[in-house]
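Visitor: Add 4 to the 1-based position in the sequence shown for my numbering, that's all there is to it.
No residue lacks a Cβ here, since even glycine has one placed at the ideal position from N, Cα and C.
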Amino acid sequence: MTRAAASAPGKVILVGEHFVVEGQPAIAVAVDVRARVTAEELGGEPLVEVVSRELGRASFTGDEGRESPLYPVYVAAREVMRLAGRVGGLRVRVESDIPPAAGMGSSAAVAVATVAAVSRLLGLDLSAEEVSRIAYRAEVVVHGKPSGIDNTISTYGGAIAYRRGEGFLRLDVDFSPVRLVLADSGIPRSTGAMVAKVRSLKERYPAVLDPIYYAAGRLAVEVGKALERGDFEVVGELMNVNHGLLSAVGVSNRRLEELVHAAREAGALGAKITGAGGGGLIVALCWREDAERVAEALEQLATRVLVAPISADGVRYG
Ligand code: PMV
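(1) Just checking A187 against ligand 1 - is the residue's beta carbon closer than 6 Å to any of the ligand's heavy atoms?
(2) Which complete beta strand (DSSP E) runs does the region 104–140 hold, if anything under 3 residues is left out?
(3) Is it buried or exposed for M5, if we count other Cβ within 10 angstroms and need 16 for buried?
(4) Can you list, in chain order, the residues of its chain with a C-beta nearer than 6 Å to that of R308? Leave out the 5 residues immediately preceding and following it.
(5) Using a Cβ-Cβ cutoff of less than 7 Å, which residues in the same chain neighbour A154 once the five nearest sequence positions on both sides are dropped?
(6) Tell me the rounded alpha-carbon separation between G92 and S56.
(7) Here's the rule: buried if 16 or more other CB atoms are within 10 angstroms of the residue's CB, otherwise exposed. What is P76?
(8) Look up V238 in the DSSP assignment and give the residues it is bridged to.
(9) Roughly how far, in whole angstroms, is the beta-carbon of A312 from the beta-carbon of V37, given that I think they are within contact range, below 8 Å?
(10) L171: which of V177, Y321, Q28 and L18 sits nearest, CA to CA?
(11) L285 and V182 look like a contact to me (Cβ under 8 Å); what is the Cβ gap, rounded to whole Å?
(12) Measuring from the CB of A280, is there a heavy atom of ligand 1 at a distance below 6 Å?
(13) Roughly how many angstroms lie between the CA atoms of K229 and V245, to the nearest whole one?
(14) List the endpoints of the continuous alpha helix (DSSP H) containing K206.
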């Protein structure tokens, strides 16, 4: 084989971001906005060339090139090459439709698709669990201490309840009555910096913050049950409560509040920050028939609005 391709979906965290980093459960769904990766034999030099539609091109050997935004793609490829006993001679092409640094897990989706494509090219038959684990190692390079929720949902698809250190449970949810509307504040932010900010608050006020973390964990459990019974009104109401908890730990701002409130006023069942906050996206849960109205209201305020199709599939080969 001289070429192999794979794609992986982005994600939306419905509830539990940040609290998941410290061991509370969180719930995420895969959305069918994908990163696609093609791996091909390059021949000649023992290097890995990464070509990205969005970020340009770079070549890597050994440990050099850490400052490049494409380095995490190289790390994902290198982890697989080590397993196959390969040193270089690969080109990895990346195309992603997932907005970067917005809270949709674009880096994890690229890592998952890279691991899958490179493993297929090199003739390794990795299990989904191995793909997710290797992608996690590449995520560590980008985020420092990610919870693991992004690579997990991107690998497996559907809806999952995730708990750090314990793994995940698939949720059986019929999402057909609802839509997820995503609105981008247009404010860039770094997941690592936001996670560090929340951790610092928790270290300074543990007695105050611990009950908030506990509440977020209970909330995620209730949301999981409500999703499986199709009780989206409860899910929406608890998403609003979760937004309040995220504001409490300092990851909201005026712009995100405006978006969240505009979505609720336009008829969303619930609306909240999704992902690290400080900028990036909000997610609104809406009845299918209300999604257009909510999207229109958000278009007045957001740099981009997306009605996100939920993806039953995780990583796909070919
Ligand atoms: O904003 P994103 O997609 O990078 O999501 C980050 C989610 C956090 O819970 C804040 C961090 C993590 O590792 O789970």
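Guide: So, to answer that:
(1) Checking the Cβ of A187 against ligand 1 gives no.
(2) The region 104–140 contains no whole beta strand (DSSP E) run of 3 or more residues.
(3) Exposed is the label assigned to M5, since fewer than 16 other Cβ atoms lie within 10 Å of its Cβ.
(4) Correct list, in chain order: D188.
(5) Residue identity differs from the one stated: residue 154 is Asp in this sequence, not Ala. For D154, where only same-chain residues beyond five positions count, the Cβ hits under 7 Å are K15, G109, A112 and E143.
(6) The straight-line gap from Cα to Cα measures roughly 18 Å.
(7) Under this definition P76 is a buried residue.
(8) As computed with DSSP, V238 is found in no beta bridge at all.
(9) That belief holds up - the Cβ atoms of A312 and V37 are roughly 7 Å apart, short of 8 Å.
(10) Note that residue 171 is Gly in the sequence shown here, rather than Leu. Check the Cα spacing between G171 and each of V177, Y321, Q28 and L18: the tightest is with Q28.
(11) The C-beta separation of L285 from V182 comes to about 17 Å, leaving the pair out of contact by the 8 Å criterion.
(12) Yes, Cβ of A280 sits closer than 6 Å to a heavy atom of ligand 1.
(13) Each residue's alpha carbon lies about 16 Å from the other.
(14) Its alpha helix (DSSP H) spans residues T195 to R208.
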